[in-house]
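Novice:
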Amino acid sequence: MGKKVKIGIIGCGTIGSVHADSYAKVENAELVALCDILPDRLAEKAKRHQVAKTYADYKKLLADPAIEAVSICTPNDVHAPIAIAAFKAGKHVMLEKPMTLNAGLGRKILAARDSAGKQLQMGMVWRQTPEAEVVKESIAAGRLGDIYHIHVKLIRRRGIPGLGGWFTTKAKSGGGGLIDIAVHFFDLAMWTSGLWNPTKVSAKTYSKFGSPMKDYHYISMWAGPPKYDGTFDVDDFACGFIRFGDKATMSFEVAWACNSEEESYVEFLGTKGGVKVGRGQTTILTEVDNRIADVKLSYPTEADRFTMEMRKFVDAVQGRGKVAATGEEGVVVMRLLDAIYKSGETNSEVTV
1175 MGKKVKIGII GCGTIGSVHA DSYAKVENAE LVALCDILPD RLAEKAKRHQ
1225 VAKTYADYKK LLADPAIEAV SICTPNDVHA PIAIAAFKAG KHVMLEKPMT
1275 LNAGLGRKIL AARDSAGKQL QMGMVWRQTP EAEVVKESIA AGRLGDIYHI
1325 HVKLIRRRGI PGLGGWFTTK AKSGGGGLID IAVHFFDLAM WTSGLWNPTK
1375 VSAKTYSKFG SPMKDYHYIS MWAGPPKYDG TFDVDDFACG FIRFGDKATM
1425 SFEVAWACNS EEESYVEFLG TKGGVKVGRG QTTILTEVDN RIADVKLSYP
1475 TEADRFTMEM RKFVDAVQGR GKVAATGEEG VVVMRLLDAI YKSGETNSEV
1525 TV
């Protein structure tokens, strides 16, 4: 076995542990350090993941010459400063979604990466699902014809995470459900279709369920329990319409919370066929021998998405492959999110 890439993880919350568990399954990766500002959590995660080195200050972790690459799993507002500092320290960066708070900061991350000559991979784990890869291959092969419309629907009935914490505080998160979960499906839609040129947006965001916080009723809460002395100043529902020049369009509905059945899919409409990603079974609605037909695609469905993502990152660091999602693509997604929020605020169509 060749030399292992020594990894440090900055941010030891839930997603930090997901990264740690995934690196443990990657043959050429070795998790050697953890960093978190909460001492009790840091100690607990170090024990859980059997990591000897711990840091309360990410700058001290970045100063460790033994560490070659880092996963950044922190609240969104510190993605950019930590990523830029990591590149200045000569580290490769695996950066969880969303890239940062806005596209301008995303471009600064790219500039730091280019100056350092290091790898940057975005945490767009939905790309690693077998159905997404199969649909991407089908679109690339022309089996769906020209993609002219995409529909994104990502509805949680009651799914606001960490109510009152950083997730629902705009200064730290950059927004609500739109920047938290829609970011995955916007990336998935553009990556699968190859449409990376959003040009115009008309959208609206709403905040109907998170405030007042004590009136929010739920069954379970990821990153909870609620902090009723905290803040909720973000969106819990967003909808809109996106143009990709004169080539294609995309409509979307995204909710952290609403009075609707839960749904999660990206639908592609093409001149030869249509298909949905996110339903767990991939069927192309098409024609065969001039007859309407449903073509069910068979493929292995089991996949450890995060492990596949970390493996691609480590391979890229070692020069044996490309990153699973590029920083440039991350900036396109941020530009789209910026435009959606601006459109919602101004009640007008805006240029991406």
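If you count the sequence shown from 1, you need to add 1174 to reach the numbering used here. Even for Gly, the Cβ is constructed at its ideal location relative to N, Cα and C.
#1: With DSSP as the reference, please indicate the residues paired to S1472 in a beta bridge.
#2: Just how far apart, CA to CA, sit I1528 and L1511?
#3: By how many angstroms is the C-alpha of S1376 removed from the C-alpha of N1521?
#4: Rounded to the nearest angstrom, what separates V1532 and I1313 at their Cα positions?
#5: Restricting to Cα atoms, I'd like to know which of N1250, A1345 and T1456 is closest to G1404.
#6: Between E1305 and the rest of its own chain, which residues show a CB-CB distance below 7 Å, the 5 nearest in sequence each way excluded?
#7: Tell me which residues share the same chain as R1331 and place their Cβ nearer than 6 Å to its Cβ, disregarding the 5 neighbours each side in the sequence.
#8: Please determine, among L1236, G1280, H1266 and T1445, the residue with the shortest C-alpha to C-alpha distance to Y1493.
#9: Residue range of the beta strand (DSSP E) that L1459 falls in?
#10: Just verifying my parser: in three-state terms, what is the DSSP assignment at I1393?
#11: Please name the residue or residues paired with T1405 in a DSSP beta bridge.
#12: Could you work out which residue in C1432, G1339 and S1289 is closest to Y1402 when comparing CA atoms only?
#13: Taking C-beta to C-beta, are W1430 and H1358 nearer than 8 Å?
#14: Please classify D1229 as buried or exposed, where buried requires at least 16 other C-beta atoms within 10 Å of its C-beta.
#15: What does DSSP give as the partner residues of F1418 in its beta bridges?
#16: Can you give me the Cβ contacts of H1325 inside the same chain, cut-off strictly under 6 Å, excluding the 5 residues immediately before and after it?
#17: Helix, strand or coil for L1362? Go by DSSP, reduced to three states.
#18: Just curious, the alpha helix (DSSP H) that F1480 is in, first and last residue?
#19: Measure the alpha-carbon distance for G1348 versus K1516 and round it to whole angstroms.
#20: For the candidate residues M1387, F1383 and E1427, whose alpha-carbon lies nearest to that of I1355?
#21: Measuring CA to CA, which of L1443, I1283 and F1480 is closest to D1320?
#22: Quick one: give me the first and last residue of the beta strand (DSSP E) that L1369 is part of.
#23: Taking a contact to mean a Cβ-Cβ separation below 8 Å, would you say K1374 touches G1414 in this structure?
#24: May I ask you to report which of helix, strand or coil DSSP gives T1520?
Specialist: Quick look at the numbers:
#1: In the DSSP output, where bridge partners are listed per residue, S1472 has none listed.
#2: The shown model of the chain, from 1175 to 1526, leaves out residue 1528, and the question about it has no answer.
#3: 8 Å
#4: The shown model of the chain, from 1175 to 1526, leaves out residue 1532, and the question about it has no answer.
#5: A1345
#6: V1451 and T1456
#7: E1436
#8: For the sequence presented, residue 1493 should be read as Gly rather than Tyr. With distances taken between Cα atoms, G1493 lies closest to H1266.
#9: T1457 to V1462
#10: coil
#11: G1338
#12: G1339
#13: no
#14: It is Tyr, not Asp, that sits at residue 1229 in the sequence shown. Buried, because 16 or more other Cβ atoms sit within 10 Å of the Cβ of Y1229.
#15: A1422
#16: S1425 and E1441
#17: helix
#18: R1479 to V1491
#19: 13 Å
#20: E1427
#21: L1443
#22: Segment: none, L1369 is in no beta strand (DSSP E) and carries neither H nor E.
#23: no
#24: helix
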